[in-house]
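**Student:**
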Amino acid sequence: MQLRALIANSRLKSKKSALSRKKWRLSPKYFGLLAMASLIAVLLIGQPIKAFAQLSFIPQEQIAPPVAQPPAQEIRGVWMTNNDTDVLMDSAKLQNAVNQLAQLNFNTIYPVVWNSGYVQYPNSAVAQRTGIYQSYIGKGLQGQDILADLVKFAHSKGLLVIPWFEFGFMAPQSSELVLNHPHWLTQKQDGSLTSNSAAGEVVWLNPFLPEVQQFITDLVVEAIAKYNVDGIQFDDHTSLPNQFGYDRYTLALYKQETGKNAPRNPQDPAWVRWRADKITAFMTQLNHAVKQRKPQAIFSVAPNPYITAYNSFLQDWVTWVDQNIVDELIVQVYRPDMTSFLDQIGRSEIQVAQQKIPTAIGVLTGLRNRPMPMPLIKSKVKAARDRGLGVAFFFYESLWEYAPEPSAERKSNFKALFNSPASRITAQQ
Numbered sequence: 000m001q002l003r004a005l006i007a008n009s010r011l012k013s014k015k016s017a018l019s020r021k022k023w024r025l026s027p028k029y030f031g032l033l034a035m036a037s038l039i040a041v042l043l044i045g046q047p048i049k050a051f052a053q054l055s056f057i058p059q060e061q062i063a064p065p066v067a068q069p070p071a072q073e074i075r076g077v078w079m080t081n082n083d084t085d086v087l088m089d090s091a092k093l094q095n096a097v098n099q100l101a102q103l104n105f106n107t108i109y110p111v112v113w114n115s116g117y118v119q120y121p122n123s124a125v126a127q128r129t130g131i132y133q134s135y136i137g138k139g140l141q142g143q144d145i146l147a148d149l150v151k152f153a154h155s156k157g158l159l160v161i162p163w164f165e166f167g168f169m170a171p172q173s174s175e176l177v178l179n180h181p182h183w184l185t186q187k188q189d190g191s192l193t194s195n196s197a198a199g200e201v202v203w204l205n206p207f208l209p210e211v212q213q214f215i216t217d218l219v220v221e222a223i224a225k226y227n228v229d230g231i232q233f234d235d236h237t238s239l240p241n242q243f244g245y246d247r248y249t250l251a252l253y254k255q256e257t258g259k260n261a262p263r264n265p266q267d268p269a270w271v272r273w274r275a276d277k278i279t280a281f282m283t284q285l286n287h288a289v290k291q292r293k294p295q296a297i298f299s300v301a302p303n304p305y306i307t308a309y310n311s312f313l314q315d316w317v318t319w320v321d322q323n324i325v326d327e328l329i330v331q332v333y334r335p336d337m338t339s340f341l342d343q344i345g346r347s348e349i350q351v352a353q354q355k356i357p358t359a360i361g362v363l364t365g366l367r368n369r370p371m372p373m374p375l376i377k378s379k380v381k382a383a384r385d386r387g388l389g390v391a392f393f394f395y396e397s398l399w400e401y402a403p404e405p406s407a408e409r410k411s412n413f414k415a416l417f418n419s420p421a422s423r424i425t426a427q428q
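Residue numbers are given in numbering that gives the first Met the number 0: position 250 of the sequence shown equals residue 249, and the series is strictly consecutive.
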């Protein structure tokens, strides 16, 4: 303030008459002040903060130091599958993929680690004691540990690795897991065991059965313990289609806790709520188990939009966010057109979630038999980011391989979308 007053005073004096200016110049007092002001101005032009801090009449502690602005915090992820691709299997291809993602300013990779009743890493003690034979599973073409390879490559480039527990409670009917533990399954009201999914006809492990909960928990904690990963992710299959839950164990538990028989209507609100609450209770326990092993691990979920997730699959992820058992949310919005896409990403539950935790939208970049044009992908990414949301793409190969445009053109477009880095906090040990 003293400096501003000094400069203002000198400007006011300069407007006086020639006689006054002459007197002003001849006055030793004002000459000294002018010299000081000139010196200060020169210093400020070169190093403003430093000059201010060194002035004897301005206390050092009152001057805020320059604050370095961190890069934008934004999820820029991609799922890596073991279907329709060998990128995870081949060490050279995997390293090249990671390098490419780093160059295009991605920051998170979600590799599959639980698929079709098998753990996608070698030497799983949990799988072995459950009777799952998988000596060849989780090893690459060069005999390498796939997940260990990915963690090494990704962390060297600053990318997070959050293993993706893809199948959740779902399993093929012919898998060793199901054949060895048929009593772990739940069923529909008519006694049937299967449902159709993107993975074909599958059965469902009973998420309310203590043995099943312990098995899933043991697998997750094993992955967290064995590898220096940054978290773990559960998608829309850590759930149960609402037609299921009519097995003997679940019906008895419902009767014990409510004093009523389970409704014949699988969509009965009380019946839906009871089963959804049970899954929420399990997710809470699972979160605690993960955090106990690695407190900084990211507990990520990637469900369907809420209305579908809750009503059809008993996934009450709004409550999960509200109860702070989720560190990251990616909502799968694989809509084929912009109108329905915009409707879903603008919903209030997503807006509420993004005020609490990193939140992103899952965008489909294509399948082998369903290529996705780049203009539509760009529009979806822009719409999500305009709303402060990150993005995650399903899946790696369709970013630029299973595509209607040339690979180089697709890569150029992704580079333009993410033209600057966006780092994320890791949970590395």
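Yeah, the Cβ is synthetic: ideal placement off N, Cα and C, and Gly gets one too.
Relative to the alpha-carbon of Thr237, which residue among Ala275, Phe166, Ala288 and Pro265 has its alpha-carbon at the smallest distance?
**Tutor:** Stepping through the sequence shown from its first residue, residue 237 is reached at position 238. The shortest Cα separation from Thr237 among Ala275, Phe166, Ala288 and Pro265 belongs to Phe166.
**Student:** When the Cα atoms are used, what is the spatial distance from Trp203 to Arg274?
**Tutor:** Reading the sequence shown from its first residue, position 204 is the one you call residue 203. Reading the sequence shown from its first residue, position 275 is the one you call residue 274. So the alpha carbons of these two residues sit roughly 14 Å apart.
**Student:** Determine, for Leu375, whether the minimum Cβ-Cβ distance to residues of chain D falls below 8 Å.
**Tutor:** Considering every chain present, this structure includes no chain D. It has just one protein chain.
**Student:** To the nearest angstrom, how far is the alpha carbon of Ala124 from that of Ser155?
**Tutor:** Walking along the sequence shown from the start, residue 124 turns up at place 125. Walking along the sequence shown from the start, residue 155 turns up at place 156. When rounded, the distance between both Cα atoms is 28 Å.
**Student:** Near Lys254, which residues of its chain fall below 7 Å by C-beta distance, leaving aside the five closest residues on each side in sequence?
**Tutor:** In the sequence shown, the residue the question calls residue 254 occupies position 255. So the qualifying residues of the chain are Asn260.
**Student:** Rounded to a whole number of angstroms, what is the C-alpha to C-alpha distance between Pro403 and Ser397?
**Tutor:** Stepping through the sequence shown from its first residue, residue 403 is reached at position 404. Stepping through the sequence shown from its first residue, residue 397 is reached at position 398. Whole-angstrom Cα-Cα distance: 10 Å.
**Student:** I'd like to check one pair, Trp319 with Ala308: are the Cβ atoms closer than 8 Å?
**Tutor:** Your numbering for residue 308 matches position 309 in the sequence shown. Your numbering for residue 319 matches position 320 in the sequence shown. Contact: no.
**Student:** Would you please state the rounded distance, in angstroms, between the beta carbons of Asn227 and Val150? I believe it to be under 8 Å.
**Tutor:** Looking up residue 227 in the sequence shown gives position 228. Looking up residue 150 in the sequence shown gives position 151. So it is a contact: roughly 6 Å between Cβ atoms.
**Student:** Mind checking which residues open and close the alpha helix (DSSP H) that includes Leu341?
**Tutor:** Numbered from its first residue, the sequence shown carries residue 341 at position 342. Looking at the DSSP string, the run of the alpha helix (DSSP H) that includes Leu341 is Met337 to Ile344.
**Student:** Taking the beta carbon of Thr84 as the centre, do at least 16 other beta carbons fall within 10 Å, making it buried, or is it exposed?
**Tutor:** Here residue 84 refers to the residue found at position 85 of the sequence shown. So Thr84 counts as buried.
**Student:** Skipping 5 residues on each side, what residues in its chain have a beta carbon closer than 6 Å to that of Val41?
**Tutor:** Start at 1 with the first residue of the sequence shown, and residue 41 comes out as number 42. Reliability fails at Val41, whose pLDDT of 37 lies under 50, so the model's placement of it is uncertain and no value is given.
**Student:** Cα separation between Leu416 and Lys377?
**Tutor:** Stepping through the sequence shown from its first residue, residue 416 is reached at position 417. Stepping through the sequence shown from its first residue, residue 377 is reached at position 378. The straight-line gap from Cα to Cα measures roughly 8 Å.
**Student:** Less than 8 Å separating the beta-carbons of Gln172 and Thr185?
**Tutor:** Taking the sequence shown and counting its residues from 1, one reaches residue 172 at position 173. Taking the sequence shown and counting its residues from 1, one reaches residue 185 at position 186. No, these two residues do not count as a Cβ contact at 8 Å.
**Student:** Which whole-angstrom value is the C-beta distance of Gly389 and Ile74, which I expect to be below 8 Å?
**Tutor:** Position 390 of the sequence shown, counting from 1, holds the residue named residue 389. Position 75 of the sequence shown, counting from 1, holds the residue named residue 74. About 3 Å; that satisfies the 8 Å criterion.
**Student:** In the DSSP assignment, find the unbroken beta strand (DSSP E) run with Met79 in it and report its ends.
**Tutor:** Position 80 of the sequence shown, counted from the first residue, corresponds to residue 79. Segment Arg75 to Met79, the beta strand (DSSP E) holding Met79.
**Student:** Please name the residue or residues paired with Met371 in a DSSP beta bridge.
**Tutor:** Within the sequence shown, numbered from 1, the residue matching residue 371 stands at position 372. Bridge partners of Met371: none, in fact.
**Student:** Please find out if some non-hydrogen atom of the ligand ADP comes closer than 7 Å to the beta-carbon of Ala382.
**Tutor:** Looking for the ligand ADP in the displayed structure turns up nothing, as the structure carries no ligands at all.
**Student:** Drop a sphere of 10 angstroms on the beta-carbon of Ile145, count the other beta-carbons inside from all chains shown, and report buried for 16 or more, exposed for fewer.
**Tutor:** Taking the sequence shown and counting its residues from 1, the one referred to as residue 145 is at position 146. Flag for Ile145 reads buried.
**Student:** Would you list the residues sitting across from Thr193 in a DSSP beta bridge?
**Tutor:** By 1-based counting over the sequence shown, the position of residue 193 is 194. Bridge partners of Thr193: Val202.
**Student:** Is the segment 240-248 close to the segment 215-229, with three or more CB pairs under 8 Å?
**Tutor:** The segment 240-248 is not in contact with the segment 215-229.
**Student:** DSSP three-state call for Leu416: helix, strand or coil?
**Tutor:** Along the sequence shown, read from residue 1 onward, the residue named residue 416 stands at position 417. Here Leu416 sits in helix by DSSP.
**Student:** According to the Cβ coordinates, are Asn430 and Leu159 closer than 8 Å?
**Tutor:** Outside the shown range of the chain (0 to 428) lies residue 430, about which nothing can therefore be said.
**Student:** Quick one: residues in its chain with C-beta nearer than 8 Å to the C-beta of Val177, no 5 flanking neighbours on either side, listed in chain order?
**Tutor:** In the sequence shown, the residue the question calls residue 177 occupies position 178. Only Gly116, Ala170, Pro171, Trp183, Leu184 and Val202 meet the Cβ criterion.
**Student:** DSSP has Tyr117 in a bridge; who is on the other side?
**Tutor:** The residue you call residue 117 lines up with position 118 of the sequence shown. Asn114, per the DSSP bridge assignment.
**Student:** Who are the Cβ neighbours of Thr129 in its own chain at under 6 Å, not counting the five residues just before and after it?
**Tutor:** If you number the sequence shown from 1, residue 129 lands on position 130. Closer than 6 Å at Cβ, skipping near neighbours: no residue.
**Student:** What whole-angstrom Cβ distance do Met459 and Tyr120 have, given they're in contact under 8 Å?
**Tutor:** The structure shown does not extend to residue 459, since the chain spans only 0 to 428, so no value can be given for it.
**Student:** Tell me Val300's beta-bridge partners as DSSP assigns them.
**Tutor:** Counting from 1 along the sequence shown, the entry for residue 300 is found at position 301. In DSSP, Val300 forms a bridge with Phe233 and Leu328.
**Student:** Among the residues of its own chain, which have a CB less than 8 Å from the CB of Asn241, if the five just before and after it don't count?
**Tutor:** Numbered from 1 along the sequence shown, position 242 holds the residue referred to as residue 241. Result list for Asn241: Pro265, Gln266, Val271, Arg274, Asn310, Ser311, Phe312 and Leu313, in chain order.
**Student:** Taking 6 Å as the limit between beta carbons, can you name the residues of its chain near Pro372, skipping five residues before and five after?
**Tutor:** Walking along the sequence shown from the start, residue 372 turns up at place 373. For Pro372, where only same-chain residues beyond five positions count, the Cβ hits under 6 Å are Pro403.
**Student:** How about Gln331 and Gly361: are their beta carbons less than 8 Å apart?
**Tutor:** The residue you call residue 331 lines up with position 332 of the sequence shown. The residue you call residue 361 lines up with position 362 of the sequence shown. Cβ distance < 8 Å, so Gln331 and Gly361 count as in contact.
**Student:** What are the partner residues of Lys379, as DSSP defines its beta bridges?
**Tutor:** The residue you call residue 379 lines up with position 380 of the sequence shown. According to DSSP, which records beta bridges pairwise, Lys379 is partnered with nothing at all.
**Student:** Nearest to His287 by alpha carbon, out of Gly230, Asp336, Lys355 and Gln343?
**Tutor:** By 1-based counting over the sequence shown, the position of residue 287 is 288. Nearest option by C-alpha distance: Gly230.
**Student:** Quick one: grab the DSSP three-state call for Trp183.
**Tutor:** The residue labelled residue 183 in the question sits at position 184 within the sequence shown. Reduced to three states, the DSSP call for Trp183 is helix.
**Student:** Could you name the residues of the same chain whose beta carbon sits closer than 7 Å to that of Lys281, not counting the 5 residues immediately before and after it, in chain order?
**Tutor:** Residue 281 sits at position 282 when you count from the first residue of the sequence shown. First, the residue type needs correcting, since residue 281 is Phe and not Lys in the sequence shown. For Phe281, where only same-chain residues beyond five positions count, the Cβ hits under 7 Å are Pro206 and Gln212.
**Student:** With distances taken from CA atoms, which of Ile324, Gln94 and Arg409 is nearest Thr279?
**Tutor:** As a first step, residue 279 is located in the sequence shown; it is residue number 280 there, counting from the start. Among Ile324, Gln94 and Arg409, the Cα nearest to that of Thr279 is on Ile324.
**Student:** Of the residues Val351, Trp399, Tyr333 and Tyr395, which one's Cα is nearest the Cα of Gly452?
**Tutor:** In the structure displayed, the chain extends from 0 to 428; residue 452 sits before or after that span and is not available.
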